[in-house]
Amino acid sequence: MQKGLSYLGRNLPRPRVAFFEFTSCEGCQLQLLNDEHNLLDFLNLLEIVTFREAMTSASDQYDIAFVEGSISCSEEVAQLQEIRTRAATLVALGSCACFGGINQLRNRFSDSDWPSRLVYGDSTIPMTPLPKVLPLHALVEVDLQIFGCPIHKGDVERIVTNLVVGKKISHPNYPVCMECTAAGHICLFEHGEACLGPVTRAGCNAWCPAERSGCQGCRGPAEVANLEELEQIFQQRGIPLEVMLDYLECHGGFPEWSARLRQKLATATTQHTS
Amino acid sequence: MKNSCDISIKHLTRVEGHGNISIKVVEGQLVHAHWEVVESPRFFEAILVGKSWWSAPSLCGRICGICSIGHTLASIRAIERAFGFEPPEQTRTLRLLLKHMETLQSHVLHIFFLAVPDFLNADSLLSLRAGRPEIVELAARLKKLANDGADLIGGRRLHPTRLIVGGFTKLPRQDMLVSLQQRLRQTRHELSKAAELMHSFVLPDFQRETEYVSLKGETRYPFIGGMLLSSDGVIKEEDNYLEMTNEYLTEQSTAKWSRLSRDSFAVGALARLNNNGTLLHPGARAMADSFGLLPACHNPFYNTAAQLVECLHVVEDSERLIGRLLATTWQNSRATPIPRAGKGVGAIEVPRGILYHSYSLDKQGIITKADCVIPTSQNHANIQHDLTKLVAESAASGLPDSEIAQLAAMLVRAYDPCISCSVH
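Structure representation (structure tokens):
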């Protein structure tokens, strides 16, 4: 590790950093090891003291904790609280940590035991699933959120650099649509395809729409986001609202909206069948 | 020789996911050696119920950050087979090329970031920057090539954006494919340097006669679909995967375990090589010979060497596939299969072994039942049986505790377990 890191002539302390993962695919931590061309420069900003997936040694003394994953088992609650007491700054890394991510899709079943019965029957397992999957902020104070499924390495590098040099950290408040339009991509609605670009927080450079895949809202809502108008767009384009619901509830970033739409669709079905 | 030890490794490092090792030996006699999987279950099989056919591949890609391409492809294959849709050759070739990039990326990650530190007495690959920078740089170059290739074909290295049921949302630029082919050619030399490094390591001398399960190659080394084959002679149709996997539950694991002809079997690079070694491309075959892997090897620590051989094989095969793509006129890459009620199975060789996705769908294409059988869950029982034998032998020969603990950790790492995947 190089010593004597400086920024604009000012010497900087390298923060002691720890990485942790709860219920997740560990993809966000993997993203940190990607972008190989500037990986070593990026890592040089930090003194990594705990990173179970990549190193053997570990320390309980750290300044910043990056936490990936949602909380879905009771065993994870105490571990998260322990991390919170040790870290000056706790960063929620990725959609699972920020919103519950894909994992929270099991919360949509009214019988919360059903998923466990389906997979394990009556068998005993060495973990105790919670009735609902939770994001980190439901249990502890979170200082900073880094959105995305997966996180965007460029976004992380910007945020982490600002954190280390003490600059204010802000997320774009405008939607993905702005980035997509600015890049000159043809709107997916023009192709008759679903997209949450109009309501989702930007910062990913329209990662999915750029590849002709609809935005599934993994970064949560933009500051100004209008569900009613989005519904109208879907209806005008002849895209079923069930598709909109699938997109909205996918990563857990729009819990009130998806609950409302689910209710609305359920009511419509009841009226239709009665 | 008197030797007693009580080893507890909580959350083994340098593996994907959460697993514990618990060992107790009294006066040279093994009391227990447990491999415990303590990863939170995510219930993907429940999550998928009620979801539409088109949403499953992208959801399933999120089962794993390392092998998201494989999960997406297995999911797509299951749905396409349920709908009776046969993808055209161009789509099949591009999918295989994308899968090769994942195999290369994942194997390089395991070989260098997870396994190499064991052999160089290092804490992590990154800590070798001071003393052995050439190894860190080699690892970064190989991983970058694979990731760039995955971006080019799949749109994104992690959780691919272009892969859909029916084909691709977008095709790669042909000139970029030409440059990828050139980089792949140079990579053969890089991989021979990696092989030199691997030859300098002393892999533990340990054998346990094992049943190996893989897809069955017909004329080519197998990756996507086809018959299932066990080295004990069991052959099954892809659709009959349940007869191959035989999952069961144990109290020490949130992942299910598997068995076939014996108490356990192994899947992964070593299993594929043992079952299909004659189908390797020439360079890869020569490398396999140099490690003494052919015709068969029953030392699980050699799985890492087998992964390196597969790195060369997929590089050689990718050059061939790109040549084929460039020699043809490209067609529209996107078809929309027509949903119908039915059941479909998709079996794919992902880096750690055969992955199965199976769905039942109603006539609108809504998933009514889902089953995913992950390679690491198939390996857990075999890891357990290897661990028992390894610790018993080590204790009997009087190895100190620290060496027994190190060997046990290295054994689990050699399987390159993807634990969060196994508890999907």
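As given, the protein sequences belong to chains A and B, one line each in that order.
Count along the first sequence starting at 1, add 90, and that's the number in this note's numbering.
Count along the second sequence starting at 1, add 9, and that's the number in this note's numbering.
From the three backbone atoms N, C-alpha and C, an ideal C-beta is built for every residue, glycine too.
Treat the numbers as computed from the prediction; the structure is a model and nothing was measured.
B:Tyr365 is the residue among B:Ser17, B:Trp63, B:Tyr365 whose C-alpha sits nearest the C-alpha of Glu246 of chain B.
Across the structure, Arg268 of chain B and Ser386 of chain B are spaced so that their CA atoms are roughly 10 Å apart.
Residue contact with chain B for Ile215 of chain A: present (Cβ-Cβ distance below 8 Å to some residue of chain B).
Assignment of Gln38 of chain B by DSSP, reduced to helix, strand and coil, places it in the strand class. Distance between Glu158 of chain A and Phe110 of chain A, taken at the CA atoms: about 6 Å.
When DSSP states are grouped into helix, strand and coil, Val211 of chain B belongs to the coil group. Comparing C-alpha distances from Leu258 of chain B to each of B:Val46, B:Lys398, B:Ser64 shows the shortest one belongs to B:Val46.
Residue state for Asn29 of chain B is assigned as strand, using DSSP reduced to three classes.
When rounded, the separation of the alpha-carbon atoms in Leu193 of chain B and Phe199 of chain A is 47 Å. Shown in chain order are the members of the region 104-130 of chain A whose Cβ falls below 9 Å from a Cβ of chain B: Glu111, Phe112, Thr113, Ser114, Cys115, Glu116, Gly117, Cys118, Gln119, Leu120, Gln121, Leu123, Asn124, Asp125, Glu126, His127, Leu129, Leu130.
At a cut-off of 8 Å, the C-beta of Asp410 of chain B has no neighbouring C-beta in chain A.
Inter-segment contact for the region 183-201 of chain A and the region 268-283 of chain A is absent: fewer than three beta-carbon pairs are separated by less than 8 Å. Bridge partners of Ser64 of chain B according to DSSP: none are assigned. Sequence-distant Cβ neighbours of Gly287 of chain A in its own chain, meaning closer than 6 Å and more than five residues away, are Val266, Cys267, Cys270, Pro299, Cys305. Proximity to Gly353 of chain B across B:Tyr250, B:Leu321, B:Met419, B:Val222 peaks at B:Tyr250, based on C-alpha coordinates. For the pair Met334 of chain A and Gly342 of chain A, the Cα-to-Cα distance works out to about 13 Å. Interface with chain A (8 Å Cβ-Cβ cutoff): Leu420 of chain B is excluded. At a Cβ-Cβ threshold of 8 Å, Ser223 of chain B and Ala314 of chain B do not count as neighbours. Ranking A:Val254, A:Lys222, A:Ile249 by CA distance to the CA of Ser96 of chain A puts A:Val254 first.
Leu364 of chain B sits in a strand when the DSSP states are folded into three classes. Residue-level contact check: Leu258 of chain B touches chain A, since one or more beta carbons of chain A fall below 8 Å from its beta carbon.
Trp266 of chain B and Cys285 of chain A have their C-alpha atoms spaced approximately 39 Å apart. The beta-bridge partner set that DSSP reports for Asp380 of chain B consists of B:Ser367.
Listed by position along chain B, the residues whose Cβ is nearer than 9 Å to that of Val255 of chain A form an empty set, because the closest Cβ is around 22 Å away. Residue state for His20 of chain B is assigned as coil, using DSSP reduced to three classes. Contact residues of the region 146-168 of chain A toward chain B are Thr146, Ser147, Ser162, Cys163, Glu166 (C-beta to C-beta distance below 7 Å). Separation of the CB atoms of Cys427 of chain B and Cys69 of chain B is rounded to 14 Å, and the pair is thereby denied contact status at 8 Å. Scanning its chain for C-beta atoms nearer than 7 Å, with the 5 sequence neighbours on each side dropped, one finds around Trp347 of chain A the residues Leu317, Leu338, in chain order. Unbroken alpha helix (DSSP H) runs of no fewer than 4 residues, entirely contained in the region 165-251 of chain B, are found at 183-208, following chain order. By the Cβ test, the region 141-158 of chain A is in contact with the region 99-117 of chain A, since at least three Cβ pairs between them sit closer than 8 Å. Residues of the region 147-177 of chain B with a C-beta atom less than 8 Å from some C-beta of chain A are Ala149, Arg150, Lys152, Lys153, Asn156, Gly164, Arg165, Arg166, Leu167, His168, Thr170, Arg171, Ile173, listed in chain order. Between the alpha carbons of Asp15 of chain B and Ala264 of chain B lies a distance of about 25 Å.
Contact of Thr100 of chain B with chain A is not assigned, every C-beta pair being separated by 8 Å or more. A Cβ-Cβ contact shorter than 8 Å links Ala417 of chain B with Ile30 of chain B. Trp347 of chain A is outside the set of residues whose beta carbon lies under 8 Å from a beta carbon in chain B.
A Cβ of chain A is located within less than 8 Å of the beta carbon of Asp132 of chain B.
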